[in-house]
Each structure stands twice: as structure tokens, then as C-alpha cells.
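K.L.:
2 protein chains.
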Amino acid sequence: MITPTISEILKRNQLSVTDSRKKILELFLANNGALAHNDVEKQTGVKFDRVTIYRTLQTFVEKGIIHTIPTPDNSILYALCKDECSEGHHHDNHVHFVCDHCKKTYCLDGVVTPAVNLPLGFKAGVIEVLVTGLCNQCSN
Amino acid sequence: MITPTISEILKRNQLSVTDSRKKILELFLANNGALAHNDVEKQTGVKFDRVTIYRTLQTFVEKGIIHTIPTPDNSILYALCKDECSEGHHHDNHVHFVCDHCKKTYCLDGVVTPAVNLPLGFKAGVIEVLVTGLCNQCSN
DNA sequence: TATGGGTATGCAACTGAGTTGCAAAACATG
DNA sequence: CATGTTTTGCAACTCAGTTGCATACCCATA
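Protein chains in written order, with my numbering: chain A, 535 to 674; chain B, 535 to 674.
1. Determine the closest residue to residue 475(B) out of 612(B), 552(B), 669(B), with distance taken between C-alpha atoms.
2. Are the Cβ atoms of residue 563(A) and residue 555(A) separated by less than 8 Å?
3. Specify, as a first and last residue, the run of the beta strand (DSSP E) that residue 628(A) falls within.
4. Starting from the Cα of residue 598(B), find the closest Cα among 540(B), 614(B), 587(B), 629(B) and give me that residue.
5. Please determine, among 668(A), 546(A), 658(A), 650(A), the residue with the shortest C-alpha to C-alpha distance to residue 670(B).
6. Could you check where the beta strand (DSSP E) with residue 600(B) kicks off and where it finishes?
7. Whose Cβ in chain B lies nearer than 7 Å to the Cβ of residue 658(A)?
8. Are the segment 583 to 599 of chain A and the segment 629 to 648 of chain A in contact at 8 Å, needing three or more beta carbon pairs?
9. Around the Cβ of residue 541(B), are there at least 16 other Cβ atoms within 10 angstroms (buried) or fewer (exposed)?
10. Decide if residue 649(A) is buried, meaning its Cβ has at least 16 other Cβ atoms within 10 Å, or exposed.
11. Using CA coordinates, which residue listed in 553(A), 641(A), 662(A), 668(A) is at the minimum distance from residue 578(A)?
12. What ranges does the alpha helix (DSSP H) occupy inside the segment 549 to 618 of chain A, keeping only unbroken runs of at least 4 residues that lie completely in it?
13. Name, going along the chain, the residues of the segment 561 to 584 of chain A whose beta-carbon falls closer than 8 Å to a beta-carbon of chain B.
14. Between residue 605(A) and chain B, is the shortest Cβ-Cβ distance under 8 Å, so that the two count as touching?
15. 8 Å is my cut-off, CB to CB: does residue 643(A) come that close to chain B?
16. Give the C-beta separation of residue 568(A) and residue 639(A) to the nearest angstrom, bearing in mind that I take them to be a contact with Cβ-Cβ under 8 Å.
17. Mind pulling the chain A residues with CB within less than 9 Å of residue 613(B)?
18. At the 8 Å Cβ level, is residue 651(B) part of the contact set with chain A, yes or no?
19. With 16 other CB atoms within 10 Å as the buried threshold, where does residue 662(B) fall?
20. Buried or exposed for residue 654(B), please, with buried defined as at least 16 other CB atoms from any protein chain shown within 10 angstroms of its CB.
21. Near residue 621(B), which residues of its chain fall below 6 Å by C-beta distance, leaving aside the five closest residues on each side in sequence?
22. May I have the straight-line CA-CA distance separating residue 672(B) from residue 539(B), to the nearest angstrom?
23. Is residue 641(A) buried or exposed, if buried means 16 or more other CB atoms sit within 10 Å of its CB?
24. Do the CB positions of residue 587(B) and residue 595(B) come within less than 8 Å of each other?
25. If you reduce the DSSP assignment to three classes, tell me which class residue 642(A) lands in.
26. Residues in the same chain with beta-carbon distance under 8 Å from residue 643(A), minus the five sequence neighbours each way, listed in chain order, please.
27. Got a sec: is the Cβ-Cβ distance from residue 654(B) to anything in chain A below 8 Å?
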């Protein structure tokens, strides 16, 4: 599998290649966990305006490059989407995992969302599963 | 089963019986869905201060009378706890359901949280399941 | 590689949710 | 009904997120 460059990923999604987009996307690629707006603001190295980061994250979500994760403490997290995700149609059926110890959030793409038996008359659409516990780094 | 009065529920939880607590608890008892802070503010009939509502909801959560629900759009919802919930130790393993049509949120206490197969090294604690779709009122 | 049109950025100012300190009012207890 | 404690309401504040607009940047074309 050929790893595309950051610029190529941006162009593929019909986005112009700018400093902020490159740095923020680079940060997500370097990080296998999920990131909050605040993490992005502090870890890009370069200081971008808050507004720019908000807009960049929003753009990435719209293009299906990243997706948002709902958390128990009601902060918004963002994580890279896998290839199945495309603009508009986001492939949401995967499990999110938050480590109680290191606080890192993972997208467990390999884990199948379990079926849920709903009461009569309820029809399921998207099922979000959020598991908290200990991750493979912290469970020793 | 004997239905306790609102005052009795408050006293049972070592809370003094005040207007705001009575009205807000009454609202939850009259409503089988979940409520946001905003809903409480608008539907109590009497106008309570925003701060009072925040503090009352927080108190109820601490006492295990209500619990919070994480939502995909990152707003905080509150819903009545069933009897198993007690102070500190909240019995969280139930499924939440958000209706795409009427936007109402339900606690499906009868539905068992499904088991999730995690990757090697991951240890599950609490599992939150959030299902979106159509509720029994809207699926016709 | 210089030019021009369109897009992205940064700044300032704003909104709205949630929090804190404190004095006044309401509650529980004897 | 008098007392001390708890709760309320107000004002002021913080912080996340949004919007409008002028400037800077990107990129396609010549």
C-alpha cells in the first residue's frame, strides 16, 4: 500500500493546500488516538488562530477526512476516518474506546458494533458504542 | 407498588424540600424522556434562575435521582434513574435512544447492553450505547 | 513567472453555556 | 416561633464556539 503525502490527501478532497491544513492533518496522521480542539491548538507547533483551527476541523469533517466522537464528559473529539468514509456519507458503525488511565481515545475500527434488541416499535439507525476501560498500553 | 410523593423522594435523598426541587423533579416524573437544561428552564411553569436549575440538576445527579446522557451533538441531557441507581454508584449499563423524527431521548432500561469484543489488551469497564432511529411513536 | 479571481486566514467582537461569590430568603429543627 | 443552616437569586465572570470583514495566500491561466 502506497502512503499518500499530506498534500495529496488534501488535493484528493478538493481542498487547497495551506499551512494550517497541512500541519493539522499531519498531527492527526502522527497520532493514532483522537484529538480535541485544544490538543490541536497546542500540538501543531505553529500557532494558528483558534478560528482557523475550528474552521479547518469543520472542513475536514465535511470532507470525511476526520469524524467527531461523542464523549461522556461532553467534549468534542476528532479522529481520522478510514477509507470507507466519504463526503456526506460517513461510515459510523465503529466502536470508540476511552482509556480511564491514560485518557486517550481510540477508534476501534476492527470491532463490529453489536446488535441491540430494541422494544417493539423502535427502529434502529446508527448505533454509537462508547466503551471506557483500560487500553492495551495501560492494562498491564 | 406505592408511588411516593415528590416530597418523599426528596426527603429520602436527604434533600430539603424547596419549590425549585419539587417543580423540577415533578417535571422529570411527568416526562418519560430525557430533558436538557433548557427544557427544564422553559417547562417548569415557574421562572427559576438559571443558576438554581444548574445547581438543582447537579444535586440530583449527585444523589442518583437523575443521570446524564451523552449525545451526538454534545448537549447534556438528564433523565430519571431507576431504583438501582444510588448515590455515587450509578448503574449505567442501559441503552439510550434518540428519535431522529421527534428528537426525544429515551432510556431503554429493559434493553441489555450487548457485549463488545475488544482487541487484545483492551479491558472494558462501562459500555455506553447510543442508538438513533425512530421511536415507537414515530415509526408508523 | 507574473497576474487575477477565488479561497483561507487572522483579528475583533459577539453569543450562549456554565461557574463563582455573596447577601437575602427559605427551610428544618427544636 | 426562634435559631442556625441550606438554598436561592443576582451580578459578574470565564470559556468554547461563531460571525463579519479586511488582508494574505493559493492556484490556474496566460
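Cβ atoms here follow ideal geometry from the backbone N, Cα and C, with glycine treated the same way.
P.N.:
This is what the structure holds:
1. This structure does not reach residue 475(B), given that chain B is present from 535 up to 674, and the question cannot be answered.
2. Residue numbering aside, residue 563(A) sits at position 29 when the first sequence is read from its first letter. Residue numbering aside, residue 555(A) sits at position 21 when the first sequence is read from its first letter. No, Cβ-Cβ distance for residue 563(A) and residue 555(A) is not below 8 Å.
3. Walking along the first sequence from the start, residue 628(A) turns up at place 94. 628 to 633 is the span of the beta strand (DSSP E), which, as asked, contains residue 628(A).
4. For the purposes of this step, residue 598(B) is identified with residue 64 of the second sequence, where counting begins at 1. Among 540(B), 614(B), 587(B), 629(B), the Cα nearest to that of residue 598(B) is on 614(B).
5. Here residue 670(B) is taken as the residue at index 136 of the second sequence, counted from 1. Closest by alpha carbon: 658(A).
6. Your numbering for residue 600(B) matches position 66 in the second sequence. Unbroken beta strand (DSSP E) run through residue 600(B): 600 to 604.
7. Within the first sequence, numbered from 1, the residue matching residue 658(A) stands at position 124. Chain B residues near residue 658(A): 665, 667.
8. no
9. Locating residue 541(B) in the second sequence gives position 7, where the first residue counts as 1. Per the 10 Å Cβ criterion, exposed.
10. Position 115 of the first sequence, counted from the start, is the residue given in the question as residue 649(A). Exposed is the call here.
11. Translated into the one-based positions of the first sequence, residue 578(A) becomes position 44. Among 553(A), 641(A), 662(A), 668(A), the Cα nearest to that of residue 578(A) belongs to 553(A).
12. 553 to 564, 571 to 577, 584 to 597
13. none
14. To locate residue 605(A), count along the first sequence from 1; it is residue 71. Residue 605(A) counts as touching chain B.
15. Within the first sequence, residue 643(A) is the residue found at index 109, counting from 1. For residue 643(A), the answer is no, since every Cβ of chain B falls outside 8 Å of its Cβ.
16. Walking along the first sequence from the start, residue 568(A) turns up at place 34. Walking along the first sequence from the start, residue 639(A) turns up at place 105. With 8 Å as the limit, residue 568(A) and residue 639(A) qualify as a contact, their Cβ atoms being about 4 Å apart.
17. By one-based count along the second sequence, residue 613(B) stands at place 79. Within 9 Å Cβ-Cβ: nothing; residue 613(B) doesn't reach chain A, min ~15 Å.
18. Here residue 651(B) refers to the residue found at position 117 when the second sequence is read from its first residue. Yes, its Cβ sits closer than 8 Å to a Cβ of chain A.
19. Against the second sequence, residue 662(B) aligns to sequence position 128. Buried, since its Cβ has 16 or more Cβ neighbours within 10 Å.
20. As a working mapping, residue 654(B) is identified with position 120 in the second sequence. With fewer than 16 Cβ atoms within 10 Å of its Cβ, residue 654(B) is classed as exposed.
21. Residue numbering aside, residue 621(B) sits at position 87 when the second sequence is read from its first letter. Here residue 621(B) scores only 49 on pLDDT, less than 50, and its place in the model should not be relied on; the value that follows carries that caveat. Answer for residue 621(B): 597, 598, listed in chain order.
22. Counting from 1 along the second sequence, the entry for residue 672(B) is found at position 138. Counting from 1 along the second sequence, the entry for residue 539(B) is found at position 5. Rounded to whole angstroms, residue 672(B) to residue 539(B) spans 32 Å at the Cα level.
23. Here the question's residue 641(A) lines up with position 107 in the first sequence. It counts as buried.
24. If you number the second sequence from 1, residue 587(B) lands on position 53. If you number the second sequence from 1, residue 595(B) lands on position 61. Their beta carbons are not under 8 Å apart, which means residue 587(B) does not touch residue 595(B) by this criterion.
25. Within the first sequence, numbered from 1, the residue matching residue 642(A) stands at position 108. Strand, per DSSP.
26. Position 109 of the first sequence holds residue 643(A). Correct list, in chain order: 616, 628.
27. Stepping through the second sequence from its first residue, residue 654(B) is reached at position 120. Yes, residue 654(B) counts as interfacial toward chain A.
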